[in-house]
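What follows is a single structure, written as structure tokens, with notes after it.
Chains as they are written, first to last, in the numbering used here: chain G, 2 to 378; chain R, 120 to 631.
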């Protein structure tokens, strides 16, 4: 059967260019590609978006660079990769242009995207937005992928503010925040004041999709009538660097079920407990950090009480890409749910076309702040 | 409906929320299951979009056990899935596949099916929701519907309890009367809201995009009427002959096989008024309105406006191919049409006087389906003054397959000191723009059924309205008596008679 599969085949080598000549150099690059002697391939320059990617350091940029080819493969874009600090010395910006090409089914049909890399040296970081402004392709959506991961994006200061002002969408990742609780508060406060139509996307929230799906379906009133209203306890275990994500999962559940936080306790690096009040009584939440493992929500259990009797459903990882829902019947095998194994670049590529505001995420973020405040006070 | 009482899923009301259910495939060991349905379910599973509480039960007469049915499914998936089989994932996936052997006329077999469902479903957390897929010949629909009802596998519609949905494949009948019979049979056991009449064409990405393109952009809709559109051409061309479907095709022919369903549905989406909501019944009301506005072609007009023909021997890609009447399982004196072309009108304000030319056939030069909207010419001033070399009119072509996308032909100035106008194409291709593999139509449609969204399925009144219109043609053909049909050479674009229909209006078929 006909296959329509994108596979990376080539990246044109990056060539250094003057910042003022970038557009001209890009044109030259495409002309050369088209004019290769003996060429029998059709090359299409494809571009769905402007993707502005910000890395703080060269190390971070090197890691992300390979991922950009994958992003462009799924979501052809003009990629503007900004590197905030390269080396000290004279304040200047260096630029280079390159291309990614993939083939579509036939090796004779190439789809190509272009990348412009801008490296700021000697404190020239603040000049980067001015270059970006001149290089954005009009009439296309602009997304900012904020790569630094130890602090929430607003901690990036002025450059973050300037880049977000020209972006329709801001993509970041809360995994690895050094202070997740403060990070949640910072991000929620910032989100509350940003442009109303701007799309805000935390890749960690996207990764929670399967968990949310499994919980929703496990306790669906059609499957287990009355269980959602009668939840008394939720326990979640997560690997290192996944606190913010687990927090969001609790925030989502509590916000949707109308629970109100009444207090909580943090055992740093170990576990967090909250006391919530639901419409039917108290709810105890416990999230516990495992000392090793992947930065994921690893397992969970939800307990509810109907007619004085407690019931528990468990959700566990059954291996890579598989979540299992274990009910109360010991003879029933776990119900399986595939967790699509998407790497970070694939997640970014999937996020880019989502141009509608994710109100559920915003609601969860704001509720997560309320939960943080319950702990901080 | 998608989110009955679940506070955790309100955000999913506008998207697909497939609900927990068992999918029972009648004819589960047949070709449709092997080539399309099981691969589609497998791909949905790979994407992680199936309900957590989900199982599949195949029902047919073949001697399968659960294990051998899984092997059958695996073989089909390995051969026909758009993505390769992943052995790791397969180990999980196969655990949700089961098989019940039985004959469609055997009540005991249906009781056995019910027992099997009752035994399996608690373990999967499935609350008695059933989707029944009838991948069986139309003659068996009656039996299966009755048996399901008799053994209590049909729940009432509109209650908060478990749901029952039934998917019915085309053809729904072979003329208006028989379509009414099939619908009446279904209606005895099922409420209309439980019936999903599938037309896989409507699940295609580009067909859905016509809707978005028309009503999601401000620039097309103001031009989408008789004032600006000269005519519309709809082509569904097949490169293959009848192949293994000769038995069915001999009874059906191109008019029943393609025009009554796929092409009239494409026409509806092209010609419909903007619906006031995305709600399934609203959209279907507006499509039905188009069918009601189709000008009937009756009596002698049929010969004037409709051409039917059969392919004769010829070449496909340089290889000899036999004529239709020489194909296996085709009668040597068959008068079944393998090609239909016609001119028709949608009699309403928007389309007053705008002809729709449609054509479909087998053994045409290539597989290509498109809808082409040809706009009226600009006034004869400036660049359009020479009558012998008029400007090419603007054409918006919506390609459905292959190479899905759309193109707009516009006039541009050739570089140089003189003003020379040249037609150029602005081309949008799904593949190169989005770079993603589109899901198969069956994937989308199966998910829609699990979610209870009937927008892309045919409603009873629409099926009957389209048969009513088509039956006029069938009747005229029948009255004209059996005779040899015009022939076209295999590998060409159809008979001369089809050219005449459009050339008589000073227009011509598009080269695809």
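Note that the Cβ used here is the ideal one computed from N, Cα and C, for glycine as well. Given the structure is predicted, the values throughout are model-derived calculations rather than measurements.
Asked	Found
Alpha-carbon to alpha-carbon, residue 220(G) and residue 226(G)	8 Å
7 Å Cβ cut-off: residues of chain G touching residue 125(R)	217, 221, 222
Own chain, CB closer than 6 Å to residue 46(G), minus 5 neighbours either side, in chain order	113
Nonlocal neighbours in the same chain, by C-beta distance under 6 Å from residue 466(R), ignoring five residues either side	412, 414
Closer than 9 Å at the beta carbon, the chain G residues around residue 172(R)	218, 219, 221, 224, 326, 336
Minimum Cβ-Cβ distance from residue 347(R) to chain G less than 8 Å	no
Amino acids of chain G, ordered along the chain, whose beta-carbon sits closer than 8 Å to that of residue 208(R)	322, 339
Span of the beta strand (DSSP E) around residue 78(G)	78 to 86
Whole-number beta carbon distance between residue 296(G) and residue 243(G), since they are thought to touch under 8 Å	4 Å
Classification of residue 256(R) by the beta-carbon crowding that lies within 10 angstroms, buried from 16 upward	exposed
Three-state class that DSSP yields for residue 204(R) in the structure shown	coil
Contacts that residue 387(G) makes with chain R (C-beta to C-beta distance below 9 Å)	Residue 387(G) is absent from the model: chain G starts at 2 and stops at 378.
Identity of the residues DSSP links to residue 525(R) by a beta bridge	517(R), 547(R)
Cutoff 8 Å: residue 435(R) Cβ touching any chain G Cβ	no
Proximal residues, the region 225 to 256 of chain G versus chain R, C-beta separation under 7 Å	229
Test: residue 279(G) CB closer than 8 Å to a CB of chain R	no
Buried or exposed (CB count within 10 angstroms, at least 16 for buried), residue 310(G)	exposed
Every unbroken beta strand (DSSP E) within the region 307 to 341 of chain G, with a cutoff of 3 residues, ordered by chain	310 to 318, 323 to 327, 336 to 339
Integer-rounded CB distance, given that residue 238(G) should sit under 8 Å from residue 291(G)	6 Å
Alpha carbon of residue 24(G) to alpha carbon of residue 70(G), nearest angstrom	20 Å
Element boundaries [alpha helix (DSSP H), containing residue 406(R)]	399 to 412
Residue 144(R) in three-state terms, based on DSSP	strand
Three-way DSSP call (helix, strand, coil) for residue 199(G) in this model	coil
Which of helix, strand or coil DSSP assigns to residue 605(R)	coil
Members of the region 209 to 229 of chain R that neighbour chain G once the beta carbon cut-off is set at 9 Å	211, 212, 214, 215
CB of residue 304(G) within 8 Å of CB of residue 230(G), strictly	no
8 Å Cβ cutoff, residue 8(G) in contact with chain R	Because the pLDDT at residue 8(G) is just 45, under 50, the model does not fix this residue reliably, and the point stays unresolved.
Closest by C-alpha distance to residue 81(G), when choosing among 92(G), 87(G), 97(G)	97(G)
Between the CA atoms of residue 489(R) and residue 287(R) - distance to the nearest angstrom	26 Å
Rounded straight-line distance, which links the Cα of residue 263(G) to that of residue 283(G)	9 Å
Residues that residue 239(G) bridges to, as DSSP identifies them	290(G), 298(G)
Min CB distance residue 164(R) to chain G below 8 Å	yes
Beta-carbon proximity check, residue 272(R) vs residue 233(R), cutoff 8 Å	yes
CA nearest to the CA of residue 436(R), picked from 230(R), 604(R), 610(R)	610(R)
Beta-carbon neighbours of residue 149(R), restricted to chain G and to distances below 8 Å	Per Cβ cutoff of 8 Å: no residues; residue 149(R) is ~19 Å from chain G at best.
Beta carbon proximity, residue 128(R) to chain G, threshold 8 Å	yes
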